[in-house]
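Numbering (my numbering), first residue to last: 55 to 223.
Since the structure comes first, as structure tokens, the remarks are kept for the end.
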């Protein structure tokens, strides 16, 4: 019985000392988390990015980075739609955003590429990272290179998931 009590006390202490990593809040005025992304932002529409708002930045944040990724794409590792870093700290990414440093998407083009799933509904992850530094990266930086550069510099992160299915397959 005494051993069980000691184990219980140790478990409670361990749980109380656990600190979850800080989370950013990522939202959009165009869709809700796990909601449908409007056609306007897809290959069937204007092919521009939706507006995003980021809040709950840690005090020592120096820049933001964003990766928009579709893990459901029918290729190994999914498809990356957008790679952006050194985003200003105002927490706003406007519709059709051209600011900050933009890297190569999965089509090997600079900037945003709209959703265009070949079939079914896909999940699009707008992953935003608060960093303790600005990044000095080459213009041709891709998702993997950005992820490598961010290692050890991520203070907090957040993820907004949007869904999209082609309207006219």
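Using N, Cα and C, we set each Cβ at its ideal position, and we do this for glycine too.
Figure out for me which residue from the options has the closest Cα to the Cα of residue i.
i	options	result
residue 128	171, 178, 109 and 76	171
residue 118	201, 216 and 93	201
residue 143	165, 130, 108 and 177	108
Just reading off the beta strand (DSSP E) that residue i is part of, what are its end residues?
i	result
residue 106	106-109
residue 212	208-218
residue 178	176-185
residue 83	Per DSSP, residue 83 belongs to no beta strand (DSSP E) and is neither H nor E.
residue 138	133-141
residue 124	117-124
Tell me, please, whether the CB atom of residue i is closer than 9 Å to any CB atom in chain C?
i	result
residue 92	In summary, chain C is missing from the structure at hand, where a single protein chain is found.
Would you mind stating whether residue i and residue j have Cβ atoms separated by less than 9 Å?
i	j	result
residue 157	residue 191	yes
residue 150	residue 139	no
residue 85	residue 216	yes
residue 81	residue 214	yes
residue 104	residue 146	no
residue 78	residue 203	no
Would you mind reading off the limits of the alpha helix (DSSP H) that contains residue i?
i	result
residue 233	It is not possible to answer for residue 233, since the shown part of the chain is limited to 55 through 223.
Review point. Taking contact to mean at least 3 C-beta pairs separated by less than 8 Å, is the stretch 107-115 in contact with the stretch 169-187?
Key: yes
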